[in-house]
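Chains as they are written, first to last, in the numbering used here: chain A, 5 to 312; chain B, 123 to 416.
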Amino acid sequence: MLSYAFKRLLQAIPTLLIVITLAFFLMRVAPGGPFDGERALPPDIEANLMAAYHLDEPLPQQYLRYLGDLLQGDFGPSFKYKDFSVTDLIQQGFPVSLEIGGLAILLALALGLPLGVIAALKRNSAVDYAVMGTALAGIAIPNFVVAPLLALVFGVILSWLPAGGWNGGALPNLVLPVLALSIQQIAYIARIMRASMIEVLGSHYIRTARAKGLSERLVVWRHAIRPALLPVVSYLGPAIAGIITGSVVIEQIFGIPGIGRYFVQGALNRDYTLVMGTVVFYGALIVLLNLIVDLLYSALDPQIRYDD
Amino acid sequence: MTSTPTTSAASAAGDSLGREAWRRLRQNKAAMTSLWLLGAITLACVAGPWLTPWGLADVDWNAFGVAPTLDGGHWLGTDANGRDLLTRTLHGGRVSLSVAVVATLVSLVIGVLYGAVAGYLGGRVDNLMMRFVDILYSLPFMFLVILLMVVFGRNILLIYAAIGAVEWLDMARIVRGQTLALKRREFIEAAHALGVRDRKIVTRHLIPNAIGPVIVYVTLTVPKVILLESFLSFLGLGVQEPLTSWGVLISEGTDMMQTAPWMLLVPSVFLALTLFCLNFLGDGLRDALDPKTR
């Protein structure tokens, strides 16, 4: 188990290296530089600045320096937010994004799993059709449509909740963004859970459990749920990636000061270092979370052994 | 030695695989309704802009931000600049659907080639190629696409290529798996034993059997591609003025939703309806082409 975790960590390195290398060299071909202002700088000052940021070194040396800085958590200076480094911006934005994203994944599990189980237990009933129909709608309607609609209905027409803003993370401000972010994942998780639950309930050992006279409740809780969870756990990786991607647009719509908004603003302002930094950060995050999900999977499924 | 249900059904009825699948698809009401609706939406987007009295950027000076109405000619209202929303939505549909077709084709070509080569060669080459796909899988592709758009500027050709280049991974895996599995099936062996030539085996047995999952996956790729383009456009990183797309229109509608909610609703309905239909059609095709999974 430990050696498997270690092996997976080693495999993550080439993946991250690809992201970083792509980011670095794209940054070099991008037009413009950190000191392009309205006024051209005098040549000697510009030369000094270039030297201060090591931009006068040969490219391979700069690449290695970038890697070294990254290892120390330094993403370089932001082109547009002059007084901030990219690291500062990520440090400011990440707790906010983490709160929204974490709550969204918890909500997705808290609603998706029971809905899936209920639909499976009441298979082909009105309840099943209602849950699965709603889930299909949740999958087909993208989150950047759902989010403004939620804001329109609950924020503007009914004015029960604020239609946007962060307000230091106050609960009413959290509800709509977290909901908008999790709807699609609720739908996916409910569908996956229903399908795997139906499959498990049809298996031989469930028949055995029933045959030896266990109550339906015990059969479901003790024997069926745990193996049925496995496909959901393996879906958690894509789910997390989906929530991270979704947070970019949700933060933009609701005006939430997380990394996603910095990323979009950086992209629109052509703030190359900020965009590169966030891409590398997201890459590392997704790789790390995938690793955790895989380990969780192996902990849940005793049939999987990671000896090799 | 049992043959697959597909081949036995086809040979018993004397029907081709395609006709058999089409018959099954026609019995699926949801899939057929979706097919008709998709056809209608496509037709409307292709022909509609020529039929409406307004152009994409035409301003009606008497109608700024008018709600949908039957009299006055703006059936679905106008935006804040007095441009006819129906016309703009249909124009946006052209862009969204063209991205769907082109980017899906790009992903199809890359994915089928890559997967078939890996599956056919097998062994170490296959191992290496698939390990590379695994690495690409864990990349945050969405962000790399955005990064490309930032660095190289917004351009519809780049959108086609970038989205297509992102979505081929699943296709490659599916085609490789199919090729590997089919290579050693009994009916292929039987064909070999009967002295059928390699080329005929590939065209008559391999491709018809592998194409089902590919078609199904194409219908699942199309909504993903449309979604990706809308996502980029919504964030202001997709197509540029004077072009528009559903994502751009939804983004404009979001800004105006308090005073002009129809600007949000109209493109949203078009987008959601299209995605809905593609999902239903994909499910229907899967059932029709692969009776084993039912």
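Beta carbons are placed, not taken as given, at the ideal position from N, Cα and C, and that holds for glycine.
What are the boundary residues of the alpha helix (DSSP H) that includes Tyr85 (chain A)? No alpha helix (DSSP H) holds Tyr85 (chain A); DSSP gives it neither H nor E.
task = For Pro383 (chain B), return the contacting residues in chain A, with the cut-off set at a CB-CB distance below 7 angstroms.
result = Leu156
Exercise for review: Have a look at the DSSP bridge pairing and note the partners of Asp206 (chain B).
Suggested key: Beta-bridge pairing links Asp206 (chain B) to B:Thr200.
_Alpha-carbon spacing of Pro64 (chain A) relative to Leu165 (chain B), whole angstroms_ = 53 angstroms
| said: Check whether chain A comes within 9 angstroms of Gly406 (chain B), counting only Cβ atoms and requiring the distance to be less than that. | reply: no
Quiz item: Out of curiosity, what's the CA-to-CA distance linking Leu261 (chain B) and Val272 (chain B)?
Solution: 18 angstroms
Worksheet item: For the stretch 244-274 of chain B, which residues have a CB atom closer than 7 angstroms to at least one CB atom of chain A, in sequence order?
Response: Flagged, chain order: Ile257, Ser260, Leu261, Pro262, Met264, Phe265, Leu266, Ile268, Leu269, Val272 and Val273.
- Is Asn331 (chain B) closer than 9 angstroms to Leu302 (chain B) when the C-beta atoms are compared? Going by C-beta atoms, Leu302 (chain B) is not nearer than 9 angstroms to Asn331 (chain B).
Open item on the list: I'd like to know if Thr129 (chain B) contacts chain A, where contact means its C-beta is closer than 9 angstroms to some C-beta of that chain.
Closed with: Note that Thr129 (chain B) scores 45 on pLDDT, short of 50, meaning its location in the model is unreliable; the coordinates nonetheless yield the value given after this. Not closer than 9 angstroms to any Cβ of chain A, the Cβ of Thr129 (chain B) fails to qualify, so no.
*asked:* Please classify Tyr133 (chain A) as buried or exposed, where buried requires at least 16 neighbouring CB atoms within 10 angstroms.
replied: exposed
| If you follow the alpha helix (DSSP H) that Pro176 (chain A) is part of, which residue opens it and which one closes it? | Leu175 to Leu205
Checklist entry - Expressed to the nearest angstrom, what Euclidean distance is found between the alpha-carbon atoms of Tyr85 (chain A) and Met385 (chain B)? => result 34 angstroms
Exercise. Are the C-beta atoms of Ala134 (chain B) and some chain A residue less than 9 angstroms apart?
Worked result: With a pLDDT of 47 at Ala134 (chain B), under the threshold of 50, the modelled position of this residue cannot be trusted; read the value that follows with caution. Interface criterion not met: the Cβ of Ala134 (chain B) is under 9 angstroms from no Cβ in chain A.
Tyr8 (chain A) versus Tyr70 (chain A) - alpha carbon distance = 30 angstroms
ask   = Who are the near neighbours of Phe274 (chain B) in its chain, counting only those whose CB is closer than 7 angstroms to its CB and skipping five residues on each side?
value = Leu280
Check your understanding: Three-state secondary structure (DSSP) at Met271 (chain B)?
Key -> helix
To the nearest angstrom, how far is it from the Cα of Met280 (chain A) to the Cα of Asn401 (chain B)? 34 angstroms
So is Ile244 (chain A) buried or exposed if we call it buried at 16+ other beta carbons inside 10 Å?
buried
His314 (chain B), buried or exposed, once every other Cβ within 10 Å from all chains shown has been counted against 16 = exposed
Contact list for the stretch 149-183 of chain B against chain A, Cβ threshold 7 angstroms = Within the stretch 149-183 of chain B, no residue places its CB atom closer than 7 angstroms to a CB of chain A.
Practice problem: Helix, strand or coil for Gln66 (chain A), going by three-state DSSP, please let me know. | Solution: helix
- request: Would you please verify whether the beta carbon of Asp312 (chain A) is less than 9 angstroms from any beta carbon of chain B?
  value: Any reading at Asp312 (chain A) must be qualified, since the residue scores a pLDDT of 44, below 50, and its modelled position is unreliable; no value is offered.
request  = Show which residues of chain A have a CB atom less than 8 angstroms away from the CB atom of Met379 (chain B).
outcome  = Pro152, Ala155, Leu156 and Val160
(Q) My assumption, with CB atoms under 8 angstroms, is that Arg276 (chain B) sits in contact with Val223 (chain B). Please give the rounded CB distance. (A) Contact between Arg276 (chain B) and Val223 (chain B) does not hold, since their C-beta atoms are separated by about 20 angstroms, which reaches or exceeds 8 angstroms.
Locate the alpha helix (DSSP H) running through Gln269 (chain A), then write down its first and last residues. Counting along the chain, the alpha helix (DSSP H) containing Gln269 (chain A) begins and ends at Ile263 to Leu272.
Can the beta-carbon of Leu20 (chain A) be found less than 9 angstroms from the beta-carbon of Gly287 (chain A)?
yes
Please report how far the alpha carbon of Val179 (chain A) lies from the alpha carbon of Phe254 (chain B), in whole angstroms.
Using only the alpha carbons, I get a separation of about 40 angstroms.
_Please return the same chain residues whose Cβ sits closer than 6 angstroms to the Cβ of Arg298 (chain B), not counting the five positions on each side in sequence._
Gly237, Ala240 and Gly241
Counting only beta-carbon atoms, is Leu359 (chain B) nearer than 9 angstroms to chain A?
-> Chain A, which has a Cβ nearer than 9 angstroms to the Cβ of Leu359 (chain B), makes this yes.
Taking 9 angstroms as the CB-CB cut-off, is Gly375 (chain B) touching chain A? yes
**Request:** Determine, using beta carbons only, whether Gly369 (chain B) comes closer than 9 angstroms to chain A.
**Result:** At least one CB of chain A lies nearer than 9 angstroms to the CB of Gly369 (chain B).
Q. For Val181 (chain B), which of helix, strand or coil comes out of DSSP?
A. coil
Subject >> Own chain partners of Val344 (chain B) with C-beta closer than 7 angstroms, once the 5 adjacent residues on each side are dropped >> reply: Ala222, Thr226 and Leu400
So which residues on chain B does Tyr286 (chain A) lean against when the C-beta distance must stay under 8 angstroms?
-> Pro262 and Phe265
Could you tell me whether the Cβ atoms of Asp405 (chain B) and Ala153 (chain B) are closer together than 9 angstroms?
-> Against a cut-off of 9 angstroms, the Cβ pair of Ala153 (chain B) and Asp405 (chain B) comes out as a contact.
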